[in-house]
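Shown next, in structure tokens, is the structure this report addresses.
Numbering (our numbering), first residue to last: 114 to 429.
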């Protein structure tokens with residue numbers, strides 16, 4: 114029985130790594146992770162880290178760490194990223210960089226085009242499967258596969274709305290081990306479509322409904338609809354629903370005009386809750402900019418480096 118359970122766990126792991134990648138609950142704060150065209154609203158320098166622990170309490174379930182840093186100069190924007198993902202005996206590492214260029218389409222609308230290059234590596238350590246016989250050559254030792262992939266994206270931003278299409282993995286890296294069918298592809302094609310609309314009232318409350326749809330070869334459609342609120346450019350609250358029967362709740366703070374912290378909790382409904390466990394996600398971000406949007410930063414600096422009093426944003 115234990116052997117059967119481990120086989121099932123391995124098959125689920127392969128599907129999760131090679132086809133589904135990471136499901137981002139906080140996509141509103143991490144567009145750069147799946148759309149190479151995304152840029153901050155002004156010239157900025159900063160970075161963020163994201164940690165996600167999926168189905169917490171169940172041994173061998175996915176845990177993910179992502180770090181990224183960005184820099185913007187006029188219409189040019191640069192980003193570097195590192196990702197570490199582990200599920201059962203499988204580890205996935207990505208190191209990548211992206212470049213995007215912004216074009217002004219109108220008084221309040223900009224379009225950006227982005228390109229991304231990624232080195233990715235999968236490792237399967239079958240020695241960690243304690244319930245298998247060590248003499249089975251197909252389920253012993255360590256197997257590593259590496260590859261390079263490319264991506265692209267398109268992102269539109271206006272005074273009250275945003276929309277984007279991102280493809281962080283354009284090509285399929287078909288690297289199946291010659292002696293074992295237990296090791297899946299390094300990357301399948303992924304396409305992310307996002308959009309949102311912002312409403313600001315006279316009391317400083319911003320209401321920002323948003324949605325994300327993810328298309329992945331060989332995997333079911335993934336989609337999320339969220340209702341986001343930002344009060345006085347300081348307090349973030351969000352509630353959403355994913356079509357995998359999951360409710361996502363988020364809360365966060367923008368601190369010291371430079372730093373933001375956002376926490377999310379995924380609550381599975383029905384059978385998802387019974388067998389899936391709890392999922393937690395945490396994002397920490399820091400940056401400096403000539404600030405135009407409270408969804409990224411709220412710090413103003415003059416040419417000599419001294420902080421000056423913020424003017425009322427033209428976005429409101």
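Ideal Cβ placement from N, Cα and C applies to all residues, glycine included.
No experiment lies behind these values; they were computed from the predicted model shown.
Can the beta-carbon of residue 318 be found closer than 8 Å to that of residue 334? Numbered from its first residue, the chain shown carries residue 318 at position 205. Numbered from its first residue, the chain shown carries residue 334 at position 221. Cβ atoms of residue 318 and residue 334: not closer than 8 Å.
Can you tell me where the beta strand (DSSP E) holding residue 322 begins and where it ends? What you label residue 322 is simply residue 209 of the chain shown in a count that begins at 1. Segment 318 to 329, the beta strand (DSSP E) holding residue 322.
Measuring alpha carbon to alpha carbon, tell me which of 326, 369 and 359 ends up nearest residue 347. Indexing the chain shown from 1 puts residue 347 at position 234. The residue with the shortest Cα to Cα distance from residue 347 is 369.
To the nearest angstrom, how far is the alpha carbon of residue 351 from that of residue 209? The residue labelled residue 351 in the question sits at position 238 within the chain shown. The residue labelled residue 209 in the question sits at position 96 within the chain shown. For residue 351 and residue 209, the distance between alpha carbons rounds to 30 Å.
If we count the other Cβ atoms within 10 Å of its Cβ and call it buried at 16 or more, is residue 140 buried or exposed? Counting from 1 along the chain shown, the entry for residue 140 is found at position 27. With 16 or more other Cβ atoms within 10 Å, it is buried.
Can you tell me which of 266, 395, 232 and 154 puts its alpha carbon nearest to the alpha carbon of residue 274? Here residue 274 refers to the residue found at position 161 when the chain shown is read from its first residue. Answer by Cα proximity: 154.
Measure the alpha-carbon distance for residue 180 versus residue 382 and round it to whole angstroms. Your numbering for residue 180 matches position 67 in the chain shown. Your numbering for residue 382 matches position 269 in the chain shown. Answer to the nearest angstrom: the Cα atoms are 30 Å apart.
Would you kindly work out how many angstroms separate the C-alpha atoms of residue 271 and residue 188, rounded to a whole number? Taking the chain shown and counting its residues from 1, the one referred to as residue 271 is at position 158. Taking the chain shown and counting its residues from 1, the one referred to as residue 188 is at position 75. Whole-angstrom Cα-Cα distance: 16 Å.
Cβ of residue 255 within 8 Å of Cβ of residue 237? The count along the chain shown starts at 1 and reaches residue 255 at position 142. The count along the chain shown starts at 1 and reaches residue 237 at position 124. Taking 8 Å as the Cβ cut-off, residue 255 and residue 237 qualify as a contacting pair.
Start-to-end residues for the beta strand (DSSP E) that takes in residue 274: Within the chain shown, numbered from 1, the residue matching residue 274 stands at position 161. Residues 274 to 282.
Measure the alpha-carbon distance for residue 261 versus residue 193 and round it to whole angstroms. Taking the first residue of the chain shown as 1, we reach residue 261 at position 148. Taking the first residue of the chain shown as 1, we reach residue 193 at position 80. Roughly 15 Å between the two C-alpha positions.
Helix, strand or coil, according to DSSP, for residue 233 in the structure here? As a working mapping, residue 233 is identified with position 120 in the chain shown. Three-state result, residue 233: strand.
Quick check on the DSSP output: what are the complete beta strand (DSSP E) runs of length 3 or more inside the segment 175 to 216, in order along the chain? 176 to 186 and 189 to 200
Give the range of the beta strand (DSSP E) segment to which residue 169 is assigned. In the chain shown, counting from the first residue as 1, residue 169 sits at position 56. That run of the beta strand (DSSP E) goes 157 to 169.
Bounding residues of the beta strand (DSSP E) (the contiguous stretch that carries residue 340): Locating residue 340 in the chain shown gives position 227, where the first residue counts as 1. Unbroken beta strand (DSSP E) run through residue 340: 335 to 344.
Buried or exposed: which applies to residue 207, given that a residue is buried once 16 or more other Cβ atoms fall within 10 Å of its Cβ? As a first step, residue 207 is located in the chain shown; it is residue number 94 there, counting from the start. Looking at its Cβ environment, which holds 16 or more other Cβ atoms inside 10 Å, residue 207 is buried.
With the cut-off set at 8 Å, would you say residue 434 and residue 379 are in Cβ contact? Because the chain here runs from 114 to 429, residue 434 falls outside it and cannot be looked at.
What does a CB cutoff of less than 6 Å around residue 372 pick up in its chain, not counting 5 residues either side in sequence? Taking the chain shown and counting its residues from 1, one reaches residue 372 at position 259. Around residue 372: 399.
Output yes or no for whether 8 Å exceeds the beta carbon distance between residue 308 and residue 276. What you label residue 308 is simply residue 195 of the chain shown in a count that begins at 1. What you label residue 276 is simply residue 163 of the chain shown in a count that begins at 1. Their beta carbons are under 8 Å apart, which means residue 308 touches residue 276 by this criterion.
Beta strand (DSSP E) containing residue 255: first to last residue? Start at 1 with the first residue of the chain shown, and residue 255 comes out as number 142. Segment 255 to 270, the beta strand (DSSP E) holding residue 255.
Since I believe residue 149 is in contact with residue 229 (beta carbons under 8 Å), could you give me their beta-carbon distance rounded to a whole number of angstroms? As a working mapping, residue 229 is identified with position 116 in the chain shown. As a working mapping, residue 149 is identified with position 36 in the chain shown. Between residue 149 and residue 229 the Cβ distance is about 4 Å, and since that is below 8 Å, they are a contact.
Alpha carbon to alpha carbon, what distance is there between residue 162 and residue 401? As a working note, residue 401 is residue 288 in the chain shown. As a working note, residue 162 is residue 49 in the chain shown. Near 16 Å, if we compare the C-alpha coordinates of residue 162 and residue 401.
From the DSSP output, in three-state form, read off residue 368 for me. Looking up residue 368 in the chain shown gives position 255. Here residue 368 sits in strand by DSSP.
Residues in the same chain with beta-carbon distance under 6 Å from residue 166, minus the five sequence neighbours each way, listed in chain order, please. Here residue 166 refers to the residue found at position 53 of the chain shown. Only 176 and 393 meet the Cβ criterion.
Boundaries (first-last residue) of the beta strand (DSSP E) holding residue 351: In the chain shown, residue 351 corresponds to position 238, counting from 1. Residue 351 -> beta strand (DSSP E) spans 348 to 355.
Three-state secondary structure assigned by DSSP to residue 238: By 1-based counting over the chain shown, the position of residue 238 is 125. Strand, per DSSP.
Whose CA, out of 305, 304, 306 and 321, lies closest to the CA of residue 312? If you number the chain shown from 1, residue 312 lands on position 199. Selected option, being the one with the closest Cα: 321.
Can you tell me whether DSSP reads residue 376 as helix, strand or coil? What you label residue 376 is simply residue 263 of the chain shown in a count that begins at 1. Strand at residue 376.
Do residue 191 and residue 184 count as a contact pair if the criterion is CB distance below 8 Å? As a position in the chain shown, residue 184 is number 71, starting the count at 1. As a position in the chain shown, residue 191 is number 78, starting the count at 1. Yes, the Cβ-Cβ distance between residue 184 and residue 191 is below 8 Å.
Nearest to residue 178 by alpha carbon, out of 205, 169 and 263? What you label residue 178 is simply residue 65 of the chain shown in a count that begins at 1. Closest by alpha carbon: 205.
Applying the 10 Å Cβ sphere with the 16-neighbour rule, what's the burial state of residue 186? Here the question's residue 186 lines up with position 73 in the chain shown. Exposed, by the Cβ-count rule.
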